[in-house]
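To keep things clear, I will list the structure first and then write my remarks on it.
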Amino acid sequence: MTTNLVSLLATILLLLSSTSFANEIRINQVGDDFDLDISQDGTDNKIKGMGGATSTASVYGNDAKLDLTQTGNDNTISMYYNNDSGGVSTPKAIVTQTGNRNTVTSDQHGYAHESTVTQTGDDNTAWVETGRSSSHLNNQFTVTQTGDNINAYLEQDGSYNTMETEQRCSTGSNCLTQDMRIVVTGNSNSVKAKQGVHYNNNTGATTYDGTEPGGNDMDVDVTGSNNSLMISQRNQNSIRTHNMDIDITGDYNNVFHTQAGDADKTSTLTINNDNNAVEHVQTGNGYHTSAITLGGTGATTFTGLQGGNSSRTYTLNQSCVNTNGCTVTVTQQ
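Numbering (the working numbering), first residue to last: 7 to 339.
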């Protein structure tokens with residue numbers, strides 16, 4: 007542990023002495039029980055690997071604890087964590103960026119990782135991956151992006167993993183878009199994703215209204231069974247639209263997704279395989295359009311609600327060969 011810390015500090019000092027104009031730290035760590043806190047305040051702040059400009063800082067070993075904070079302008083963090091050797095390990099990483107051109111790339115391989123990424127203003131981009139195979143279990147991450155030009159790519163590979171992500175923006179004309187891409191491969195995973203927050207309900211509670219002027223665009227792909235998804239979009243701007251595309255391949259998945267607020271709303275949902283439960287809600291102003299395709303040979307339960315004072319349309323294609331039938335409830339009000 008002491009040797010690891012001394013080596014890292016020596017590397018930092020050498021880098022600072024040779025490039026004093028750069029606020030830059032490079033990391034390549036191998037070993038268990040590594041504990042690292044970094045705080046960068048200023049321009050050109052970067053945390054990356056020992057290679058070239060695009061290299062990734064790496065930490066190999068069990069029970070690593072990282073707390074990385076950047077406050078400044080051109081902030082970049084690129085990290086790779088690996089405890090793939092197995093055993094009892096609870097690695098943890100906290101990444102915080104505040105202003106301005108913030109970018110986070112986080113890649114976790116192994117077991118029981120816990121990661122938190124928080125970005126606050128301005129041009130924030132987060133690329134977060136966890137797991138590499140179906141044997142990578144019990145990983146969890148939380149991503150929160152608050153203003154301005156928000157983008158996130160989030161990927162889970164493995165089982166019994168948890169993802170919670172939130173995008174919101176209350177800085178007026180700087181809120182151009184809120185883009186989120188989610189890819190999940192594995193079983194018994196939990197996904198909670200919000201743009202402009204909302205939910206309300208199914209048992210997810212929440213709400214938030216700091217006036218959301220950004221356009222919401224969300225794309226979700228899930229391959230696996232017994233997964234739980236709660237997905238929500240809310241926008242108080244009558245010009246920028248909501249778009250949601252969900253594709254699920256697997257059995258016994260539970261899906262709740264909702265779109266609320268102003269502007270037009272479009273939702274496309276495709277579920278293949280059996281025994282899935284789906285609840286779909288569109289409320290508020292603007293045109294509402296839903297296209298739902300439910301495949302498989304087993305029972306599927308679908309509940310849909312479209313409310314508001316504008317045009318509402320839905321199409322539902324369902325293949326059901328279950329002898330007891332499938333349940334479909336659609337309400338327009």
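Backbone N, C-alpha and C define an ideal beta-carbon position, used for all residues, glycine too.
Beta-ladder partner(s) of residue i, from DSSP
i: Gln184; result: Ile156 and Asn222
i: Gly48; result: Gly78
i: Asp129; result: DSSP output for Asp129 lists no bridge partner at all.
i: Ser112; result: Met85 and Val134
i: Met236; result: Lys198 and Phe262
i: Thr229; result: Thr191 and Thr255
i: Thr289; result: Looking at the DSSP assignment, Thr289 forms no beta bridge with any residue, so it has no partner.
Simplified DSSP state of residue i, which is helix, strand or coil
i: Arg138; result: coil
i: Gln340; result: Since the displayed the chain opens at 7 and closes at 339, residue 340 lies outside it and no answer follows.
i: Arg107; result: coil
i: Asp39; result: coil
i: Asp69; result: coil
i: Gly310; result: strand
i: Ala283; result: strand
i: Ser325; result: coil
i: Asp163; result: strand
i: Asn29; result: strand
i: Tyr320; result: strand
i: Thr212; result: coil
i: Ala305; result: coil
i: Thr96; result: coil
i: Ser64; result: strand
i: Val149; result: strand
i: Lys54; result: strand
Residue range of the beta strand (DSSP E) that includes residue i
i: Met206; result: Here the sequence assigns Asn to residue 206, which means Met is not the residue at that position. Taken as a continuous stretch (DSSP letters only), Asn206 belongs to no beta strand (DSSP E), as it is neither H nor E.
i: Ser121; result: Glu120 to Thr126
i: Gln35; result: Asn34 to Val36
i: Ser273; result: Lys271 to Asn278
i: Arg174; result: Thr168 to Arg174
i: Val261; result: Asn260 to Gly267
i: Val334; result: Thr333 to Gln338
i: Asp90; result: Here Asp90 belongs to no beta strand (DSSP E), and DSSP marks it neither H nor E.
i: Leu143; result: Taken as a continuous stretch (DSSP letters only), Leu143 belongs to no beta strand (DSSP E), as it is neither H nor E.
i: Asp253; result: His248 to Thr255
i: Ser296; result: His294 to Leu300
CB-CB length for residue i against residue j, believed under 8 Å
i: Met169; j: Val197; result: 5 Å
i: Thr150; j: Thr183; result: Thr150 to Thr183, Cβ: 17 Å. No contact.
i: Thr276; j: Thr247; result: Actually they are not in contact, since the Cβ atoms of Thr276 and Thr247 sit about 20 Å apart, beyond 8 Å.
i: Asn195; j: Gln173; result: With 8 Å as the limit, Asn195 and Gln173 do not qualify as a contact, their Cβ atoms being about 20 Å apart.
i: Thr171; j: Leu160; result: 6 Å
i: Thr4; j: Lys52; result: The structure shown does not extend to residue 4, since the chain is modelled only from 7 through 339, so no value can be given for it.
i: Asn144; j: Tyr117; result: 6 Å
i: Gly230; j: Gly256; result: 5 Å
The ligand HEM heavy atom lying under 7 Å from the CB of residue i
i: Glu170; result: In the structure shown, the ligand HEM is absent, as is every other ligand, since no ligand is present at all.
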